[in-house]
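Numbering of the sequence shown is given in the UniProt record's numbering, commencing with residue 1 and proceeding in unit increments.
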Amino acid sequence: MGTIGGGIVHSYKGYRNAPSGYTRKIVSAMANCRQRAPLVGGAFAIWGGMFTAVDCTLVFARQKEDPWNSITSGAITGAVLAVRHGPAAMVGQAVVGGVILAIIEGSTVCLVAMRCFATDDPGFLN
Numbered sequence: 001m002g003t004i005g006g007g008i009v010h011s012y013k014g015y016r017n018a019p020s021g022y023t024r025k026i027v028s029a030m031a032n033c034r035q036r037a038p039l040v041g042g043a044f045a046i047w048g049g050m051f052t053a054v055d056c057t058l059v060f061a062r063q064k065e066d067p068w069n070s071i072t073s074g075a076i077t078g079a080v081l082a083v084r085h086g087p088a089a090m091v092g093q094a095v096v097g098g099v100i101l102a103i104i105e106g107s108t109v110c111l112v113a114m115r116c117f118a119t120d121d122p123g124f125l126n
């Protein structure tokens, strides 16, 4: 997923920043994609692996599967991956990771609630 997204973004950037001429733009897009997409894919894989490890550890420690595990995992992952840049960066990335996962988990809970209320299924409230 990260490699495909990175390939699309960096192909566009290579095309846009190339000198004039269709052939030059295509060659630049492909070269930029080849150079940068694997880096984005690797970074995405590292983030995903760290997030999953922290999430599974929290599920094991708390013996509970709820949105707080994901939110906390996002915050811890952001902090751990920013550890080389110092405490200020760790705090900032922890906040960013926690907020992003809170938005994702909150929207998931809202969508499930809307679906349950639309079908008059009281199982969500119990």
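From the three backbone atoms N, C-alpha and C, an ideal C-beta is built for every residue, glycine too.
Would you give the residue range spanned by the alpha helix (DSSP H) that residue i belongs to?
i, result
"glutamine 35", "22-62"
"residue 199", "Limits of the chain in this structure are 1 at one end and 126 at the other, which puts residue 199 out of reach."
"residue 133", "Nothing about residue 133 can be reported from this structure: the residues present for the chain run from 1 to 126 only."
To the nearest angstrom, how far is the alpha carbon of residue i from that of residue j?
i, j, result
"leucine 101", "glycine 74", "6 Å"
"tyrosine 12", "alanine 43", "20 Å"
"glycine 92", "threonine 23", "43 Å"
"cysteine 110", "valine 27", "45 Å"
"proline 67", "asparagine 17", "42 Å"
"residue 131", "methionine 30", "Because residue 131 is not part of the residues shown, which for the chain are 1 to 126, the question remains open."
"glycine 48", "isoleucine 76", "12 Å"
Is residue i near residue j, with beta carbons less than 8 Å apart?
i, j, result
"asparagine 32", "glycine 21", "no"
"valine 96", "glycine 78", "yes"
"glycine 2", "glycine 41", "yes"
"valine 80", "asparagine 69", "no"
Check whether the segment 3-17 touches the segment 28-44, taking contact to mean three or more Cβ pairs, one atom from each stretch, closer than 8 Å. Yes, the segment 3-17 touches the segment 28-44.
State whether the segment 82-89 contacts the segment 99-113, with contact taken as three or more CB pairs (one from each stretch) at a distance under 8 Å.
-> By the Cβ rule, the segment 82-89 does not count as touching the segment 99-113, because fewer than three pairs are nearer than 8 Å.
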